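Note that numbering that gives the first Met the number 0 has the sequence shown beginning at 0, numbered continuously upward. Everything below concerns the one structure shown next.
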Amino acid sequence: MQIHQSANTTNGDIRATWVEVNFTRLSQNLQAIRTHVAPAKVMIVVKANAYGHGLAEVAKHLSSQADYIGVAVLEEGIFLRELGVTIPILVLGGIWGDQVPQYLQHNLTLTASSVERLEQIDTIAGQMGLKAKVHLKIDTGMERIGVHYYSAHTIQETAQMCVNVEVEGIFSHFANADSGDLTHARLQLERFNEVLRFYENHSLPMPMRHMANSAAILQIPESHFDMVRPGIMLYGVYPSPESARTVQVLPVLAWKTRVVYFKVVKPGHPVSYGSSWQSDHPVRIVTLPVGYGDGYFRSLSNKTKVIIHEKKYPQVGNVCMDQMMVNIETDSAFNGDDVTLLGESGREAITAQDLADWAGTIPYEILTNINTRVPRVYITEDEE
Ligand SMILES: *Cc1c(COP(=O)(O)O)cnc(C)c1O
């Protein structure tokens, strides 16, 4: 296997801390999802800087292999259009203020999450002489944005009267599809199906239906409908430890750094701000040039591990903004040695789920929290 590095971003020579994004795995994950959900289409969810993987690069790499792109906010959609992405883009979040004209100018698909919004979209599209592509958002149990399932007919009826709107899709979102107990998720699915009966009852064409996030792709095949919306599993991370692993995906992102300092610390000499850790015997301590200013949570202090020379070592003392310390006891490590913060190294691995467990959060937050200060390096694997 050969590794090729692409030169479209700064690499690890500039900073001793970097993120590696594996394009080969990204494509393989998408392919595995496609196979699992066929004939349903796939909307790749690339919000929040593509879950920390780099929005521009991920979108450019995957847009020819995807049917639709999902982003959270208008700015992300405009960014992709200005980058030259031409496939359909749905902005999943709500429309804020007077943004409707910008959606239309950039040929972005709008989420209509209330009757008033839908009417506003219709009016503005009419003024601009355009037809707006809209997906209706139905709230089946998340209590976030969207029209409640029990009053969905109001937006469905309004849509029939809007002449400048094409209702291309209708969607909902699960609150608990990643749980071991799918009772609430199944209730949501039932409610969504009930809402969809409107079209049959009125002999109207069915819009494109979509509901499944990663967890539902894995656990609720009946929710795949016409399109699925994978986010986290596209990046090779399972949404929760409980959720079934019916599709095999591999982590796309690795976070690495290097040893930049070595010292022996005597007993009774605490390490770092707050002196939260000290040893009762002499230990070898190395410093790594990464900290919470890069998105490595301070709450990981004294809980997390790193891999050096294919062996795990405990981080000690409080994580600083730009640096942190690791106890290698009596082992040796030299300045410049590679350190894995997240990813695989030989037989050892630290997963996003591990870091999430240690930090008391979910893998989503671990990934999206990695700062833009950390350069991303894009690699592809060549099978030989
Ligand atoms: C973020 C998001 C997704 C993707 O969720 P994952 O759990 O990452 O697969 C799908 N749909 C909507 C509406 C979202 O906001």
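Backbone N, C-alpha and C define an ideal beta-carbon position, used for all residues, glycine too. Bear in mind the structure is a predicted one, so any value in this text is a computation, not a measurement.
DSSP has Gly-168 in a bridge; who is on the other side?
His-134, Met-207
Taking the DSSP output, what are the residues bridged to Ile-43?
DSSP output for Ile-43 lists Ile-68 as bridge partner(s).
Bridge partners - Ile-86, DSSP secondary structure assignment
Its beta-bridge partners do not exist; DSSP assigns none.
Terminal residues of the continuous beta strand (DSSP E) containing Lys-262?
260-264
Reduced DSSP category for Trp-95 - H, G, I as helix; E, B as strand; rest coil:
coil
Can you grab the Cα-Cα spacing for the pair Ala-6 / Ala-55, in whole Å?
Any reading at Ala-6 must be qualified, since the residue scores a pLDDT of 41, below 50, and its modelled position is unreliable; the value itself is stated next. The straight-line gap from Cα to Cα measures roughly 14 Å.
I'd like the list of long-range same chain contacts for Leu-117, defined as Cβ closer than 8 Å, with 5 residues on each side in sequence excluded.
Ala-111, Val-133, Leu-135, Ile-154, Thr-157, Ala-158, Cys-161, Val-164
By how many angstroms is the C-alpha of Val-70 removed from the C-alpha of Asp-321?
30 Å
Beta-bridge partners of Tyr-312, as assigned by DSSP:
Val-305
With respect to 8 Å, is the separation between the Cβ of Ser-213 and the closest non-hydrogen atom of ligand 1 below this value?
yes
Beta-carbon separation (whole angstroms), Gly-53 vs Arg-372, contact threshold 8 Å:
Actually they do not touch by this definition, with Cβ atoms about 13 Å apart.
Nearest-angstrom beta carbon gap, Leu-341 and Val-289 [assumed within contact, 8 Å]
Between Leu-341 and Val-289 the Cβ distance is about 11 Å, and since that is not below 8 Å, they are no contact.
Quick check on Ile-349: does DSSP put it in helix, strand or coil?
strand
Reducing DSSP to helix, strand and coil, say where Ser-111 ends up.
A small fix is needed here, since residue 111 is Ala in this sequence, not Ser. Ala-111 falls in the strand class under three-state DSSP.
If you count every other CB in all the chains shown that lies within 10 Å of the CB of Leu-203, and 16 or more means buried, which is it?
exposed
Would you say Lys-46 touches ligand 1, meaning its beta carbon is less than 8 Å from a heavy atom?
yes
Distance, Cα to Cα, Ile-369 vs Ile-216?
26 Å
Could you check how far apart the C-beta atoms of Glu-309 and Glu-347 are, in whole angstroms? I think they sit under 8 Å.
Rounded to whole angstroms, the Cβ separation of Glu-309 and Glu-347 is 6 Å, and the two are in contact under 8 Å.
Contact test: Leu-91 Cβ vs ligand 1 heavy atom, cutoff 8 Å
yes
Just grab the DSSP bridge partners of Lys-389 for me.
Nothing can be reported for residue 389: it is not among the residues displayed for the chain, which extend from 0 to 383.
How do the segment 195-211 and the segment 221-238 stand: do at least 3 beta-carbon pairs fall below 8 Å, yes or no?
yes
Proximal residues to Gly-11 (C-beta, below 6 Å), its chain only, five neighbours per side dropped
Residue placement at Gly-11 is flagged as unreliable, the pLDDT there being 46, under the threshold of 50; a coordinate-derived value is accordingly withheld.
Using the rule of at least 16 other Cβ atoms within 10 Å of the residue's Cβ for burial, across every protein chain shown, is Asn-334 buried or exposed?
exposed
Could you check where the beta strand (DSSP E) with Val-194 kicks off and where it finishes?
Taken as a continuous stretch (DSSP letters only), Val-194 belongs to no beta strand (DSSP E), being part of the alpha helix (DSSP H) at 182-200.
What residue does the alpha helix (DSSP H) around Ile-56 start on, and which one ends it?
Contrary to the premise, residue 56 reads as Glu rather than Ile in this sequence. Start and end: 54-61.
Does DSSP classify Thr-23 as helix, strand or coil?
helix
Distance, Cα to Cα, Ala-184 vs Ser-275?
43 Å
Would you mind giving the Cβ-Cβ distance between Ile-88 and Leu-107, rounded to the nearest angstrom? I have them listed as a contact below 8 Å.
Contact between Ile-88 and Leu-107 holds: their C-beta atoms lie close to 5 Å from each other, under 8 Å.
In the DSSP assignment, the beta strand (DSSP E) including Tyr-377 goes from what residue to what residue?
375-381
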